[in-house]
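Okay, structure first, notes after.
Residue numbers (our numbering): 407 to 534.
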């Protein structure tokens with residue numbers, strides 16, 4: 407049975423650059439991708455961020471869906487990924503210093519009940 411790969415999209419370039427990796431993960435397990443955009447208020451809905459993420463899917467047969475939620479980013483990622491139909495979360499490491507992870511990533515790591523794949527900037531940029 408197909409499961410979801412949750413991919414938080416916050417509008418940063420790093421969040422878009424991990425999409426090819428998320429596609430590979432989804433393709434290997436015949437899963438589909440759920441792009442998740444979280445905003446602090448209804449005034450900031452992330453339609454543009456979702457549209458940009460969808461452009462990456464044009465060259466693939468991996469199915470996807472998108473969801474926009476309003477709230478605290480880490481809490482909304484946890485709420486969305488706590489369902490048993492979620493295989494894992496694939497997300498950028500965040501905006502922390504090179505040796506650290508960002509605050510949202512850190513909170514997701516502490517609270518998640520499913521596996522998380524953090525893609526570091528060096529892997530995104532191909533400098534590994």
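For every residue, glycine included, the Cβ atom is placed at its ideal position computed from N, Cα and C.
Under 6 Å Cβ to Cβ from residue 474, same chain only, skipping five residues before and after it: list those, please. 443, 451 and 452
In angstroms with no decimal places, state the Cα-to-Cα distance between residue 454 and residue 416. Taken atom to atom, the span from the alpha-carbon of residue 454 to that of residue 416 is near 10 Å.
For residue 534 and residue 508, what's the separation of their Cα atoms in angstroms? Note that residue 534 scores 39 on pLDDT, short of 50, meaning its location in the model is unreliable; the coordinates nonetheless yield the value given after this. Each residue's CA atom was taken as its position, placing residue 534 and residue 508 some 20 Å apart.
Given residue 386 as reference, the closest of 518, 487 and 517 once Cα atoms are compared: The structure shown does not extend to residue 386, since the chain spans only 407 to 534, so no value can be given for it.
Run through DSSP, which three-state label would residue 424 get? coil
Option in 419, 448, 408 and 449 with minimal Cα separation from residue 431: Taking only the C-alpha atoms, the option nearest residue 431 is 408.
Would a C-beta distance cut-off of 8 Å place residue 460 and residue 422 closer than the cut-off? no
Return the chain-ordered list of same chain residues with a C-beta closer than 8 Å to the C-beta of residue 426, the five sequence neighbours on each side being excluded. Result list for residue 426: 462, in chain order.
I need the straight-line Cα distance from residue 468 to residue 447, nearest angstrom please. Rounded to whole angstroms, residue 468 to residue 447 spans 30 Å at the Cα level.
Nearest-angstrom Cα separation, counted from residue 494 out to residue 465: 23 Å
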